[in-house]
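As structure tokens, the structure follows; a few thoughts come after it.
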Amino acid sequence: MISLLGIYRPRNTPLHKSSVGFKLMLMLTATVFVIVVDDPVTACGIAAACLLLLLSTAPPAKATLRGLALIAIMAGVTVIFQVWREEYAKAIDTAADIIAISALALAVTSSTPMEEVLDAISKLARPVRRLLPPETIGLMFAMTLRAIPEAARLLIEARTAARARGLDHSPRAILIPAATRSVGFALQLGQALHARGIAEEAPPERRPSPPPKAVSNPEGSSRRSRRRDNLDS
Amino acid sequence: MIEFMGAAVIAPDSGVPILDATTLTLEEDRISIIGANGSGKSTLARLINGLVLPVEGKVLVDGLDTVKHGAQVRRKVGYLFTDPSAQLIMPTAIEDVTLSLRRIIDDRKERNAAAMAALEEIGLGDKADVSVNALSGGQRQLLALAGVLAVTPSIIVADEPTTLLDLRWRAHVGALLRALPVQLIEVTHDLDAASRADRTLLVDRGAVVYDGDPREAIAMYRDLMFGRARDTTE
């Protein structure tokens, strides 16, 4: 269900009609503002406004409520920490900031097609085109968003597997497989991009050659005893 | 036309050979590659679109070297992975197909129309705005195929495209692939699918040990595998 959170759906709301530049600027301004302002009342006001803005995009109710519940849990943890340090005003301010930024991010992503986001980011990244192609920067952004539900799925699967082995209270049994599988997913995604020729501007470089003695079996002998790396899926 | 000219692959870190020097010319419309897990068949397939580069020799696709002209080769050769989830990058079906089209169509409206046409052609027209995570395994494989077909490749390499699918989707995706008007090179464990090819390559322990008639290749593969299973049991 988390995979449906923040996904673009064509609608006719004011935020859908706004330009992607305006929305990104709104996000940037609001984020800077909530970080700079330390007043809990103002923070709560901004959080309420952001939640209303999210509501105005008519997002899917169930997925959004679940997602917001997770964000509320995260905010709750910071509240507990700040209350423990007896910083009550800061506790409210931080929790409201987390909710505000998350809600605004969801409002923007659910009202903007990824194509438009890619174009906008590619345009914004033009000044650094000598360092990295703008298209690649846009793609990195898209892939980051794509990786969030995938990471959540891998974490859920790792937890289920740990539970099946009676290791449900072992963080190591959950986090290590989830982390290694995330790396595996990233590698697969990289290969898929390469295979689809996406963001490809220059021919690939040839791999460094290992010692030539290793390839010396033109007849395909079955006598080889060294274990071969399994590249088959 | 695909030409392997003494192409060999070695694991970069360990120096272990993965594919021995291979010389082949692939011209038939339907070619299947069979072999045990870890035999090197996926490596052979990946050489065709430059996902893996040969350490020795070369691979040419319509005369283009996969090392020197990788980007052009990948425009000719579409690649379909076993797990479509890894191939889908964007959040919704239509956005994923338009991503493939970004490098060939500049105008956004035109790109969207072409993506929609590709989805409709493959029977996913009603899923355009659906999250890729909300699609079934079979629908995801179809979407991955739509993303590949949208850029009109002349060759498709499919690496066990139906392995993760149930029987219904296996039949559907298999039939769709067979009907494509392109050269199809399919790595498969499905011996029925392999038998329908014009030519079959049997890969074993990093070498093409048989190249020719699908039935003979399958019979040889069975002998090899059952022989090894007997040796393991004894």
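Sequences listed follow chains A and B, in order.
So the first sequence is residues 73 to 305, counted in my numbering.
So the second sequence is residues 2 to 235, counted in my numbering.
Think of the CB as a built atom: it goes at the ideal place given N, C-alpha and C, for glycine as much as any other residue.
Keep in mind that this is a model prediction, so the values were computed, not measured.
CB contact below 9 Å: residue i versus chain A
i        : result
B:Ile157 : no
B:Thr233 : no
B:Leu143 : no
B:Val60  : no
B:Ala119 : no
B:Pro215 : no
B:Val174 : no
B:Ser86  : yes
B:Phe82  : yes
B:Asp191 : no
B:Thr93  : yes
B:Thr99  : yes
B:Arg171 : no
B:Asp130 : yes
B:Gly138 : no
B:Ile90  : yes
B:Ala230 : no
CB contact below 9 Å: residue i versus chain B
i        : result
A:Asn84  : no
A:Met212 : no
A:Gly93  : no
A:Ala177 : no
A:Leu142 : no
A:His241 : no
A:Gly139 : no
A:Phe105 : no
A:Asp191 : yes
A:Pro221 : yes
A:Ala264 : yes
A:Ala197 : no
A:Pro284 : The predicted model places A:Pro284 with a pLDDT of 39, which falls under 50 and marks its position as unreliable; any figure quoted below should be read in that light. Yes, A:Pro284 counts as interfacial toward chain B.
C-beta neighbour in chain E for residue i, strict 9 Å
i        : result
B:Ala145 : This model lacks chain E altogether; the protein chains it does include are A and B.
Among the options, the one whose alpha carbon lies nearest that of residue i
i        : options                                : result
B:Leu192 : B:Asp167, B:Ala220, B:Thr99, B:Gly207  : B:Ala220
B:Val68  : B:Asp212, B:Leu168, B:Met6             : B:Met6
B:Thr189 : B:Ile34, B:Thr23, B:Glu28              : B:Ile34
A:Leu124 : A:Gln154, A:Ala179, A:Asp165           : A:Ala179
B:Val247 : B:Ile11, B:Asp21, B:Pro13              : Because chain B is modelled from 2 through 235, residue 247 of chain B falls outside the range shown and cannot be assessed.
A:Gly269 : B:Met91, B:Gly51, B:Lys42, B:Arg216    : B:Gly51
A:Ala121 : A:Arg225, A:Leu98, A:Pro132, A:Asp110  : A:Leu98
B:Gln73  : B:Val62, B:Leu181, B:Arg231            : B:Val62
A:Leu227 : A:Phe257, A:Ala163, A:Glu188           : A:Phe257
A:Arg253 : A:Arg235, A:Arg237, A:Ala267, A:Arg231 : A:Arg231
B:Arg47  : B:Asp30, B:Arg75, B:Gly64              : B:Arg75
B:Arg109 : A:Ile143, A:Thr184, A:Glu188, A:Thr181 : A:Glu188
A:Ala115 : A:Leu247, A:Ile171, A:Ala133, A:Gly139 : A:Ile171
A:His266 : B:Val53, B:Val60, B:Asp212, B:Ala198   : B:Val53
DSSP three-state assignment for residue i, whether helix, strand or coil
i        : result
A:Ile171 : helix
B:Arg31  : strand
B:Ile123 : coil
A:Ala214 : helix
B:Asp160 : strand
B:Arg197 : coil
B:Glu187 : strand
B:Lys59  : strand
A:Arg157 : coil
B:Met2   : coil
B:Pro215 : helix
A:Asp111 : coil
B:Pro18  : strand
B:Val152 : coil
A:Leu265 : helix
B:Ile11  : strand
B:Val210 : strand
B:Gly36  : strand
A:Val92  : helix
B:Ser137 : coil
B:Leu192 : helix
A:Val189 : helix
Status (buried if at least 16 other CB within 10 Å, exposed otherwise) for residue i
i        : result
A:His241 : exposed
A:Thr101 : exposed
B:Leu168 : exposed
B:Asp97  : buried
A:Leu203 : exposed
A:Gly93  : exposed
B:Gly41  : buried
A:Pro221 : buried
A:Leu41  : Here chain A has residues from 73 to 305 only, and residue 41 of chain A is not among them.
A:Gly210 : buried
B:Arg216 : exposed
B:Leu136 : buried
- prompt: Mind pulling the alpha helix (DSSP H) runs of 4 or more residues that sit fully within the region 71-109 of chain B?
  reply: 71-77, 94-102
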